[in-house]
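*Asks:*
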Amino acid sequence: SPEAVNPKFDLKAIPTFYFFNRNNEFIGMIKERPKKTIEEDTLEIIKEGL
Numbered sequence: 001s002p003e004a005v006n007p008k009f010d011l012k013a014i015p016t017f018y019f020f021n022r023n024n025e026f027i028g029m030i031k032e033r034p035k036k037t038i039e040e041d042t043l044e045i046i047k048e049g050l
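With UniProt numbering applied, the sequence shown covers 1 to 50.
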């Protein structure tokens, strides 16, 4: 996908999860390992991005 090769995403670790809001604006990412759990980190990013 174009996102995977776009330098603005600075992909340096796998897996990397990018999160975007409804306006296609970047709101966060989880890189390699979550701080807590994948579910908790995802929920935190989504809450902050709303």
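Backbone N, C-alpha and C fix where the C-beta goes; we use that ideal spot for every residue, glycine too. Treat the numbers as computed from the prediction; the structure is a model and nothing was measured.
When the Cα of R33 is compared with those of K8, I14, D10, which residue comes out closest?
*Replies:* Position 33 of the sequence shown, counted from the start, is the residue given in the question as residue 33. Per the Cα distances, I14.
*Asks:* Under 8 Å by Cβ, that's how I've got F19 and I45 pegged, so tell me the actual separation to the nearest angstrom.
*Replies:* Counting from 1 along the sequence shown, the entry for residue 19 is found at position 19. Counting from 1 along the sequence shown, the entry for residue 45 is found at position 45. Right, the Cβ-Cβ distance comes to about 5 Å (below 8 Å), so this counts as a contact.
*Asks:* Determine the DSSP secondary structure at T42, reduced to helix, strand or coil.
*Replies:* In the sequence shown, counting from the first residue as 1, residue 42 sits at position 42. DSSP places T42 in helix when its eight states are reduced to three.
*Asks:* So, using beta-carbon positions, are T37 and M29 closer together than 8 Å?
*Replies:* By 1-based counting over the sequence shown, the position of residue 37 is 37. By 1-based counting over the sequence shown, the position of residue 29 is 29. Not closer than 8 Å, so no.
*Asks:* May I ask you to list the residues that DSSP assigns as paired with K12?
*Replies:* As a position in the sequence shown, residue 12 is number 12, starting the count at 1. K12 is not bridged to any residue.
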